[in-house]
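Chains as they are written, first to last, in my numbering: chain S, 14 to 173; chain F, 14 to 173; chain C, 14 to 173; chain L, 14 to 173. We treat Cβ as the ideally placed atom computed from N, Cα and C, and that holds for glycine. Bear in mind the structure is a predicted one, so any value in this text is a computation, not a measurement. Here the structure is laid out as structure tokens; the discussion comes afterwards.
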């Protein structure tokens, strides 16, 4: 199972703590972590996953694998710039968003367009024409985020 | 000056009317219209622009220019799927969003990330961590949308 | 009709002369010129086309339209890096290659994969497993290149 | 170390045998195999690598990971179509080309543009303006291909 974790390349200490805990939980559940491969939330989630022996994949915007954070096992140098945001979420069975700015918002949009479940920790809320869009599933802890992601990912791929 | 108009490939009659009026206004202001090249809002804005002698560019997701709506003068067959959403907005000095679903949301996100002004007609609202994000400039008519887009685009490119 | 002209961003004086003449001929035939939007062969072909009142489209790798050469009418800022090479040729009914290095070779490959005719002026030759691949149509002048491109493009789109 | 193996999605029995042997050798050298994730040469190299306990990454053109061949451990659903060809080679420290058609040629071009070494087994030859381009390193067996790839990749990343 592959779970994407998305968020900013610069983040608060609390977001980094959350991301690291999410990475640890995902690795302990046997899930591969996929992310954008850079710093901030992306680095923290990879560090957490590696600390528990997980596998981490970083989908980079640039042409050079050496831009990956040191906790990425498989760096993918896409060379397609921020079009790589699409690849990050489409490769996953579920997405966990932690904080995040407009790049993260584009990833949430791409995931929802493909009906990939998005679990949110202190992230964007959406409404359209004045009506709230409830597609992002709100949670309040790393453990809750991972439980929700794994259970929805299992349902999506038809096992469990 | 190039203005992007974004919205769904299937849209309500009212959204189509708005998009057509936006296309007419843009052409009358001498602006080139860029869009995703398909149906719905994209077709309506191109039809409006052509009816007033404007130039229209359609940035298609697929590999085949013949997928463009009949009012596109310059069809670009990118072959990069919905990564073309990025190209639609980054090529413009301002963006007008009309209604729209998750694809449109990804375009709004890419535009805001690049500080390209986004003018919204009955489209998404965003908030982050409970606080409203006021980046999308709300307007209530096609004329107002185009006036705002042109004036912000001029400021952006440093003339006018 | 849209014809792509491909070649290096730095080129010899002779290649620039050829490209400029190709641009002039294409404009006189009423064809829109599409290219990668940067310097060298791309700039020369746009300069030629503009001198005869043609329309020019530049498909840029970066996120910033201001990188286009001054003879591009419609700059498209794709943001997808050299993946834009694919968009340059797939948007065209025929491709004219002038000189060129590995970027040009990737464009030739993408065009041939889609059965888009490639006309070559002093460009790559291909062989596979020791057998020559005759897909690139060799010509020896700008006039011949454009005649061939237009006639093959017409056949491809089914008119003429 | 990551080595890309490129070739057609439909291939001869001999090419499949070569690709499988290349996959076995790469896994035995501890290299991760990256490829386009589909059938033919891509499936054979992954099958070989898995039979020796290697790790395999498939960079898919589409939006759906389930298109990956059954021997891919980490399927990446890029959604960017054949722009994914760029990601396949840019993520690698060396590239082994086995046979191949125009898609493979585009990958060879992207690799050479980035100075990533390309080792060829019964694949394309290039010449430019009548002069042979010797950039593709010709070998005649799977073992030789892998030895060459590993030694050049090591030199490239600066160890060994």
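Using a Cβ distance threshold of 8 angstroms, residue 119 of chain S and residue 21 of chain S do not count as a contacting pair. Judged by DSSP in its simplified three-state form, residue 144 of chain C adopts strand.
Put simply, the segment 92-110 of chain C touches the segment 152-166 of chain C. At least three CB pairs are less than 8 angstroms apart. If you keep only unbroken beta strand (DSSP E) runs of at least 3 residues inside the segment 71-96 of chain C, you get 87-90. About 6 angstroms separates the beta carbons of residue 31 of chain S and residue 134 of chain S, which is inside the 8 angstroms limit, making them a contact pair. For residue 96 of chain L, the chain F residues whose Cβ falls inside 9 angstroms of its Cβ are 91, 92, 93, 94 and 96, in order along the chain. Interface with chain C (8 angstroms Cβ-Cβ cutoff): residue 38 of chain S is excluded. Here residue 133 of chain F is bridged, per DSSP, to F:110 and F:151.
Within chain F, no residue has its CB atom less than 8 angstroms from the CB of residue 130 of chain C, the nearest being about 15 angstroms off. Taken through DSSP and simplified to helix, strand or coil, residue 17 of chain L comes out as strand. Boundaries of the beta strand (DSSP E) harbouring residue 48 of chain S: 45-48, taken from the DSSP string. For residue 119 of chain C, no Cβ of chain F is located within less than 8 angstroms of the residue's own Cβ.
From the listed residues F:44, F:85, F:127 and F:90, the smallest Cα separation to residue 123 of chain C is found for F:90. For residue 52 of chain L, there is no enclosing alpha helix (DSSP H), as DSSP gives it neither H nor E. When beta bridges are read from the DSSP output, residue 138 of chain C appears opposite L:140. A Cβ-Cβ separation of about 12 angstroms leaves residue 82 of chain L out of contact with residue 61 of chain L under the 8 angstroms criterion.
Within the segment 133-160 of chain L, no residue has its Cβ closer than 9 angstroms to any Cβ of chain F.
Cβ neighbours of residue 17 of chain L within its own chain (closer than 6 angstroms, five residues either side excluded): 47, 101, 102, 105 and 108. The Cβ atoms of residue 35 of chain L and residue 70 of chain L lie no closer than 8 angstroms to each other. Chain order gives the chain S residues near residue 76 of chain C as 94 and 95, where near means a beta carbon separation below 9 angstroms. Under a 10 Å Cβ-count criterion, residue 96 of chain S is classified as buried, with 16 or more other Cβ atoms of the shown protein chains found around its own Cβ. Exclusion of the five residues before and after residue 145 of chain C leaves 138 and 139 as the residues of its chain whose Cβ lies within less than 8 angstroms of its Cβ.
If the five residues before and after residue 125 of chain F are omitted, its C-beta is found closer than 7 angstroms to the C-beta atoms of 131 and 148, all from its own chain and listed in chain order. Here the alpha carbon of residue 99 of chain L sits roughly 12 angstroms from the alpha carbon of residue 94 of chain S. At a cut-off of 8 angstroms between beta-carbon atoms, residue 103 of chain L makes contact with chain S. For residue 46 of chain S, no Cβ of chain L is located within less than 8 angstroms of the residue's own Cβ.
Following the DSSP letters along the chain, one finds residue 65 of chain L in no alpha helix (DSSP H), marked with neither H nor E. Of the residues L:73, L:68 and L:49, the one whose Cα lies closest to the Cα of residue 38 of chain L is L:68. In the displayed model, residue 104 of chain C falls within coil according to three-state DSSP, outside both helix and strand.
The residues 73, in chain order, have a CB closer than 6 angstroms to that of residue 80 of chain C in the same chain once the five nearest residues on each side in sequence are set aside.
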